[in-house]
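Read through the structure below, which is laid out as structure tokens, and then see the notes.
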């Protein structure tokens, strides 16, 4: 009988400690900043990758307070890809060689958005 009470007390205490540990681990993992990535691929009408093209990501036209969001610029590599990384989630319009494309990239924590633009 005495052994059952000790076991029950141990089990209750252990369960509470385990739940507390899991809660702390979950809460700390949710607060970590995870990189947000985007890859823009530029191809021509024949679907051939275009290298050396300037890709610029700019805040959307209807964005309030976008003066604080700096544009991001990169040139495409030999496979027609331009890569971007940021620490904050956001949605930005894609321009190619200074021309709007009507496409957007969505930066989301821990994810990579891939967009193809025909230019």
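Residue numbers (this note's numbering): 534 to 652.
Note that beta-carbon positions come from the ideal geometry of N, C-alpha and C, so glycine has one too.
Tell me which residues share the same chain as residue i and place their Cβ nearer than 6 Å to its Cβ, disregarding the 5 neighbours each side in the sequence.
| i | result |
| --- | --- |
| residue 626 | 591, 593 and 637 |
| residue 568 | 618 |
| residue 620 | 566 |
| residue 632 | none |
Tell me the DSSP bridge mates of residue i?
| i | result |
| --- | --- |
| residue 574 | 614 and 649 |
| residue 629 | 588 and 632 |
Going by DSSP, what residue range makes up the beta strand (DSSP E) through residue i?
| i | result |
| --- | --- |
| residue 620 | Taken as a continuous stretch (DSSP letters only), residue 620 belongs to no beta strand (DSSP E), as it is neither H nor E. |
| residue 608 | 605–608 |
Might you give, ordered along the chain, the residues of its own chain that have their beta carbon closer than 8 Å to the beta carbon of residue i, omitting 5 neighbours on each side?
| i | result |
| --- | --- |
| residue 578 | 651 |
| residue 624 | 593, 637, 638, 639 and 640 |
| residue 495 | The first residue shown for the chain is 534 and the last is 652, placing residue 495 beyond what the model contains. |
Leaving out five residues on either side along the sequence, give the residues of the same chain with a beta carbon under 7 Å from the beta carbon of residue i.
| i | result |
| --- | --- |
| residue 560 | Only weak support exists for where residue 560 lies, its pLDDT of 46 falling under 50; the coordinates are left without a value. |
| residue 634 | 627, 628 and 650 |
| residue 610 | 584 |
Please confirm whether residue i has its beta-carbon closer than 7 Å to some beta-carbon of chain C.
| i | result |
| --- | --- |
| residue 619 | Annotation note: the requested chain C is absent from the structure, which comprises a single protein chain. |
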